[in-house]
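Student:
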Amino acid sequence: MKESEFNISNESIIRNAIQERIMNNELKPGDTLPSENVLADEFGMKRIVVRNALVQLEKMGLLDSRQGVGRFVKEKRPVIELDMSGRRSFSDKMREQGVDYESKVIFAGYSSVSEQKKYRQALTVGDDVSIFKVARLRIVDHMPCAIHISYVREDMVPDINQETNQLASMFNYYGKHGYTNLKSMDTHIHTAFPTLEEQRHLECEELVPLIVYESQTMDLDTNRILEQTRILYRSDLFKHALGSVN
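The numbering used here puts the first residue of the sequence shown at 19, with every later residue one more than the last.
This is the structure in structure tokens:
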């Protein structure tokens, strides 16, 4: 597509202008935005166009609205720096920063038929090996901020189905079963928008991007892969340090 053929919508023009004002601190956290009518006059556009742009900014988590008050800039949340090394648990990384942290298991059971097929292939195991799925909600400073999903080959931890009360930290769980020399490998990173279920767990708006990490955890002593991992981080709450990944 030629540059001249790319059309930028009026909503995008307004949204970008307001985003720049927030980034440049012309609009600060807690500031009330001008009314839709005032913005419509400023940009020379219809009020409905302005409203659509503001609704998009709400869905991106930049604005809040209160009936009878108007729209205002959301308070900035503290950003947590996260070293993506696979040799320490998430809880240890949070503890080092003095951050109040909780891990809550939101699912522990055998994965669906389609997931069984997908992750058997990813973990290079046969049909006789079941894949056990563990999903944890990471809560930092009382705020849900990440979903950590492990697809575990059951043959390496055969009692996992009877030990679901021990799965808040898979790193610690593996350690109890003798797997202490672990390495994260084959990491892939992409972004995605949250599904309805993910929005509900993470308490975020639909246009807040998620940073998705997919990797494998290998036990270096046996040279076997324990699990395939999928982690979804709210992009507005984390700063990721990649230099320490081995």
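Just so you know, even glycine gets a beta-carbon here, dropped at the ideal spot from N, CA and C.
Could you tell me which residues DSSP pairs with G88 in its beta bridges?
Tutor: Here residue 88 refers to the residue found at position 70 of the sequence shown. In DSSP, G88 forms a bridge with R84.
Student: Short of 7 Å in beta carbon distance, which residues of its chain neighbour M19, apart from the five on each side in sequence? Order them along the chain.
Tutor: What you label residue 19 is simply residue 1 of the sequence shown in a count that begins at 1. Confidence in M19 is poor, its pLDDT being 45 and thus under 50, which makes the residue's placement too unreliable to answer from.
Student: Where in the region 123-180 do unbroken runs of the beta strand (DSSP E), each at least 3 residues long, occur, reported from the N-terminal end onward?
Tutor: 149-158 and 161-171, all fully within the region 123-180.
Student: Let me make sure I understand the geometry here. Which of D239, L214, C222 and T247 has the alpha-carbon closest to that of Y137?
Tutor: Mapped onto the sequence shown, residue 137 falls at position 119. Nearest C-alpha to Y137: T247.
Student: Between E29 and F256, what straight-line distance do the alpha-carbon atoms span, to the nearest angstrom?
Tutor: Here residue 29 corresponds to residue number 11 of the sequence shown, with the count starting at 1. Here residue 256 corresponds to residue number 238 of the sequence shown, with the count starting at 1. Cα-Cα distance, rounded: 28 Å.
Student: Let me know if E245 comes out buried or exposed under the rule of 16 or more other beta-carbons within 10 Å of its beta-carbon.
Tutor: Position 227 of the sequence shown, counting from 1, holds the residue named residue 245. So E245 counts as buried.
Student: For a test of the three-state rule: what should DSSP assign to T182, helix, strand or coil?
Tutor: Translated into positions along the sequence shown, residue 182 becomes position 164. Three-state result, T182: helix.
Student: So I32 and V67 are supposed to be a Cβ contact under 8 Å. How far apart are they, rounded?
Tutor: Translated into the one-based positions of the sequence shown, residue 32 becomes position 14. Translated into the one-based positions of the sequence shown, residue 67 becomes position 49. With a Cβ gap of about 7 Å, I32 and V67 count as contacting.
Student: Below 8 Å between beta carbons: does that hold for H219 and I149?
Tutor: Taking the first residue of the sequence shown as 1, we reach residue 219 at position 201. Taking the first residue of the sequence shown as 1, we reach residue 149 at position 131. Not in contact: H219 and I149 (Cβ atoms no closer than 8 Å).
Student: Below 8 Å on the Cβ atoms is my contact criterion, and I expect S233 with S187 to pass it. Report the Cβ-Cβ distance as a whole number of Å.
Tutor: Numbered from 1 along the sequence shown, position 215 holds the residue referred to as residue 233. Numbered from 1 along the sequence shown, position 169 holds the residue referred to as residue 187. About 17 Å separates the two Cβ atoms, so there is no contact after all.
Student: Assess, as a yes-or-no matter, whether the region 116-123 is touched by the region 145-161 under the definition of 3 or more beta carbon pairs within less than 8 Å.
Tutor: yes
Student: Roughly how many angstroms separate the alpha carbons of E216 and L228, rounded to a whole number?
Tutor: Along the sequence shown, read from residue 1 onward, the residue named residue 216 stands at position 198. Along the sequence shown, read from residue 1 onward, the residue named residue 228 stands at position 210. Cα to Cα, the separation comes out at about 10 Å.
Student: Quick one, which of D145, L141, V143 and Y169 has its alpha-carbon nearest A126's?
Tutor: Here residue 126 refers to the residue found at position 108 of the sequence shown. Of the candidates D145, L141, V143 and Y169, the one whose C-alpha sits nearest the C-alpha of A126 is Y169.
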